[in-house]
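2 protein chains.
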Amino acid sequence: MDEPRSRYLTWESSRVTPEQRERLLGQQGCVVWLTGLSGSGKSTISRLLERRLVDSGQLAYVLDGDNLRQGLNADLGFSPEDRAENIRRIGHVAGLLADAGLVAIAAFISPYREGRRCARRAAPAGRFVEVFLDVPVEVCEERDPKGLYRKARAGELSDFTGVQAPYEPPESPEVRIDTSTMTPEESVEHLLHALRERGFVPPDTAGGDRVTRTRR
Amino acid sequence: MDEPRSRYLTWESSRVTPEQRERLLGQQGCVVWLTGLSGSGKSTISRLLERRLVDSGQLAYVLDGDNLRQGLNADLGFSPEDRAENIRRIGHVAGLLADAGLVAIAAFISPYREGRRCARRAAPAGRFVEVFLDVPVEVCEERDPKGLYRKARAGELSDFTGVQAPYEPPESPEVRIDTSTMTPEESVEHLLHALRERGFVPPDTAGGDRVTRTRR
C-alpha cells in the first residue's frame, strides 16, 4: 500500500475469491458499457436497467458522469486529453465495481474506440458488455433533451460529438439497440436478456420474486 | 453524461435509493479507512476484516494500493503531489463503493490529515470510519515486513514515512487500535464491534450463521 517505489509493487489478489462474491450476491460482477450519441438514451436506459436489476434482487450501480465530474474527475476539464482521461478513470472504476461483484453500468458518449477498448481491458476478463445505442444522429438531434445540439449548431459549443466531432461506432458490440424503434422498457428487456444469457444475472423467475424473497 | 461544458452539469441522484440498497444487502454502505505507518498491520487487518465480513454474508471490498497503482492510478508517480492525488482518488472511489452499498475498506499510510479529511468528505455523510493503527514506529521498524525501513535507513528510499517524512496522527479517529498489544484477530473483532455499534453491519448472531444461510 502506498509504497514509495514502484519496484516494490506486487499484485495482491483479494483473499476473498470472485466465486465467493458470486455466491453472496447471486450474480457475476460485470461492466455494462453504454455508448452512443448525446440523446441516444444512455441515461434513461442505464437508470431503468439499474432499477430493474435492484428490484429483482441484483446489485447494480450506475456510474454517472456528472456526479463523477464533481468528485473523482473534478480536476479534469474538457480538452481532448482530459476527456480521454475521464473515460480512462471511469473504465477503471467500473472494473473495480465489477471485481467487487456488482453489475457496473457506465453510460458515456465515449466516442473513440480506443477509450472503449481501454475500458474493456480494465474490466475483469470476459465481463465487459459493450452496448451500442445505435440511433441516427437526426433522431438524437430532434430529441435534444438538454438543448446541446441546438447550442452546438449555434456555435455555442465546440467539439460536440455528432456535430463538429466524430463518433466512432463500435465494430462488434455485444449488444446493439436502436432506441428510435424500441421503447426504453423494450431496450432494457433486451439488455437484461443479454445479461441473463451470459450468466451474469440469474434467469428471470416469475418476475424475480423468488430472488427478492430470499435476498431481502 | 460526458457533457461538453460544466455549466450543464447537474447532480443526478440515483433513482435507486440508499435504503433500497440497504434492504438488498442487509448493511449500510460505509468507508473503513485504515491509516498508520508501514508495518502497522493495515494490509493484514484489512484482508482479515474483508474475509470476516464476507463469511458472515456482508459485502466488503478492499481497495488495494498496489492494484490501484497498476490501474486507475497508473499515471501517478511518487512525488508529494502525486501521492496526494493518489489518496484523493482513492477517497472518491471508496465513497462510490460505499454509495453503492458496500463496506469499502481502504488501507493506506495516508500520512497527512488533509488527505484523510478529503477522503472523509468524499464518503456518504456519517459513513466514514477512520481507524488509526496506533503502533510505535520502533515496533513497525522491527517488523519491517517489506524491508522498507531498512532501505530507508540505508538511504535507498527518501521521504519514507516515519523515517524522513512525517506522519500526522489522527486527532479523533473513530477507532484506535494498537496492533503491538492486540492480535490481528482481536483487532478485527474490535473493528467489527465498532461497525455493528454504528449499525453499518448487523449484530453478530451466533457467528453470523443466520445471515449466511439466508443470503447464500
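Protein sequence lines, in the order shown, are assigned to chains A and C. Start counting the first sequence at -14; every next residue gets the next number (the working numbering). Start counting the second sequence at -14; every next residue gets the next number (the working numbering). From the three backbone atoms N, C-alpha and C, an ideal C-beta is built for every residue, glycine too.
Could you give the distance in angstroms between the alpha-carbon of VAL124/A and the alpha-carbon of GLU182/A? Spanning the alpha carbons of VAL124/A and GLU182/A requires a straight line of approximately 30 Å.
Quick one: give me the first and last residue of the alpha helix (DSSP H) that ILE30/A is part of. Bounds of the alpha helix (DSSP H) holding ILE30/A are 27 to 40.
Are the stretch 74 to 85 of chain C and the stretch 97 to 110 of chain C touching by the rule of at least three beta carbon pairs closer than 8 Å? Note that the stretch 74 to 85 of chain C touches the stretch 97 to 110 of chain C; at least 3 beta-carbon pairs, one per stretch, sit closer than 8 Å.
Within the same chain, show all residues whose beta-carbon is closer than 7 Å to that of PRO151/A, passing over the 5 residues directly before and after it, in chain order. Excluding the 5 residues flanking it on each side, PRO151/A has same chain C-beta neighbours closer than 7 Å at PRO96, in chain order.
Determine, using beta carbons only, whether ASN71/A and ASN52/A come nearer to each other than 8 Å. ASN52/A sits away from ASN71/A, with the two beta carbons spaced by 8 Å or more.
Local conformation of LEU177/A per DSSP, three classes: DSSP places LEU177/A in helix when its eight states are reduced to three.
Within the 8 Å Cβ cut-off, does LEU180/A reach chain D? Among the protein chains in the structure shown, which are A and C, there is no chain D.
Is the Cβ-Cβ distance between ARG36/A and ARG0/C less than 8 Å? Closer than 8 Å, so yes.
C-beta contact flag for GLY233/C and LEU118/C at 8 Å: This structure gives no information on residue 233/C, because the portion of chain C shown stretches from -14 to 201.
Check whether the stretch 172 to 186 of chain C touches the stretch 37 to 45 of chain C, taking contact to mean three or more Cβ pairs, one atom from each stretch, closer than 8 Å. Output reads yes: the stretch 37 to 45 of chain C touches the stretch 172 to 186 of chain C.
Taking all protein chains shown into account, decide if GLY140/C is buried (16 or more other Cβ within 10 angstroms of its Cβ) or exposed. Taking a 10 Å sphere around the C-beta of GLY140/C, we find fewer than 16 other C-beta atoms and assign the residue as exposed.
Residue ranges of each alpha helix (DSSP H) within the stretch 110 to 134 of chain A, 4 or longer: Runs of the alpha helix (DSSP H) inside the stretch 110 to 134 of chain A: 122 to 128.
Same chain, Cβ closer than 6 Å to GLU126/C, five either side skipped, listed in chain order: For GLU126/C, where only same-chain residues beyond five positions count, the Cβ hits under 6 Å are TYR134.
CA nearest to the CA of GLU159/A, picked from THR2/A, MET167/A, LEU176/A, PRO65/A: For GLU159/A, the closest of THR2/A, MET167/A, LEU176/A, PRO65/A by C-alpha to C-alpha distance is LEU176/A.
Counting only beta-carbon separations shorter than 8 Å, does VAL39/A have a partner in chain C? Answer yes: the Cβ-Cβ gap between VAL39/A and chain C drops below 8 Å somewhere.
Give me the residue from GLU99/A, ILE30/A, TRP18/A, PRO169/A with the minimum Cα distance to PRO65/A. Of the listed residues, the one whose Cα sits closest to PRO65/A is GLU99/A.
For ARG161/C, which three-state DSSP category applies? Annotated three-state conformation of ARG161/C is strand, per DSSP.
What did DSSP end up calling VAL78/C once you bin it into helix, strand or coil? Helix, per DSSP.
Along the alpha helix (DSSP H) that carries ALA107/C, what are the first and last residues, could you check? 98 to 107 is the extent of the alpha helix (DSSP H) around ALA107/C.
Measuring alpha carbon to alpha carbon, tell me which residue in GLY14/C, GLY26/C, PRO155/C, ALA69/C is nearest GLU171/C. Out of GLY14/C, GLY26/C, PRO155/C, ALA69/C, GLY26/C has the C-alpha closest to the C-alpha of GLU171/C.
Between ARG8/C, LEU9/C, GLU4/C, CYS15/C, which lies nearest to GLY111/C when the distance is taken from Cα to Cα? For the residues ARG8/C, LEU9/C, GLU4/C, CYS15/C, the minimum Cα distance to GLY111/C belongs to CYS15/C.
Can you tell me whether VAL1/C is helix, strand or coil according to DSSP? VAL1/C falls in the coil class under three-state DSSP.
So, are the CB atoms of ALA92/C and VAL122/C less than 8 Å apart? In this structure, VAL122/C does not lie closer than 8 Å to ALA92/C by Cβ.
Under three-state DSSP, which class holds ILE72/A? Three-state result, ILE72/A: helix.
Quick check on HIS212/C - is its C-beta less than 8 Å from some C-beta in chain A? Nothing in the structure corresponds to residue 212/C, since chain C is present only between -14 and 201.
Might you give, ordered along the chain, the residues of its own chain that have their beta carbon closer than 6 Å to the beta carbon of LEU142/C, omitting 5 neighbours on each side? Excluding sequence neighbours, LEU142/C sits near LYS136.
Are the beta-carbon atoms belonging to LEU34/A and ALA85/C less than 8 Å from one another? Not closer than 8 Å, so no.
Report yes or no: is there a C-beta of chain A within less than 8 Å of the C-beta of GLU35/C? For GLU35/C, the answer is yes, since a Cβ of chain A falls inside 8 Å of its Cβ.
Mind checking which residues open and close the beta strand (DSSP E) that includes LEU48/C? Taken as a continuous stretch (DSSP letters only), the beta strand (DSSP E) holding LEU48/C covers 45 to 48.
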